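Chains as they are written, first to last, in the numbering used here: chain E, 1 to 14; chain B, 1 to 257.
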């Protein structure tokens, strides 16, 4: 089954 | 100092109610443009982004940037003391230890006043890139809530597929499978019932229903919800508020096999 990604993969830290 | 007066306590009550199960301790970042909040859930899968523009308050005064670190459980306890129709005023000094909330009944001379102790919250702040989404769906917020609840009875996940045919919410579970398909629809008498699908390329993504059902607690804030999708990027779920204010949720997709 597909795995849950986290937001850190898409959004950079500021 | 901060002084922000809301015509109706209801707005803040609903916003806090919609996010308090997702995030616990948050900074309310106040500056002259309004009050903003950005926070991720503990698992870093979902993010809430709230913006209450200064125009949503009357009057609004904030001379300096002030971060109010507030525990949402505490805020909920205090907001319970406000009637929906009360006028609510938030006040804080420039380097505050507490935030002061005043509730005024428009009908009687009752004034209640509460202070909530502030916390030092070292919060990670994420930069959310400007995205041209491949599909944008506007639909009644109650419809979205119903779809999410209905499909969660069957499965943990939902696939959202958007094509020229419409948008299909589908799930598969142990007892079977289900789907709901919506097509663009205009209701001249009740524009809140409209379904609008704006598509530049087909999209198919899978998301956790537990989070989506949680986001739907914001349904009472707005008759319509906007879903913005592109392949392999987080879903944006937006509840637009008056005066360009908003409550947005981002949800990371489930990816791969």
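For every residue, glycine included, the Cβ atom is placed at its ideal position computed from N, Cα and C.
Nothing here was measured: the structure is a model prediction, and the numbers come from that model.
Checking the DSSP bridge columns, you'll see residue 66 of chain B partnered with B:30. Around the beta carbon of residue 27 of chain B, 16 or more other beta carbons lie within 10 angstroms, which makes this residue buried. Here residue 8 of chain E carries a helix assignment [DSSP, helix/strand/coil].
For residue 152 of chain B, the enclosing alpha helix (DSSP H) starts and ends at 141-152. Going by DSSP, residue 133 of chain B is part of no beta strand (DSSP E) at all; its letter is neither H nor E.
At a cut-off of 7 Å between beta-carbon atoms, residue 175 of chain B makes no contact with chain E. With contacts defined as CB atoms closer than 7 Å, residue 62 of chain B and residue 2 of chain B qualify as a contacting pair.
The CB of residue 254 of chain B comes closer than 8 Å to the CB of 1, 2, 3, 4 and 5 in chain E, given here in chain order.
The C-beta distance from residue 230 of chain B to residue 131 of chain B rounds to 6 Å, short enough to fall under 8 Å. The beta carbon of residue 47 of chain B sits closer than 7 Å to some beta carbon of chain E.
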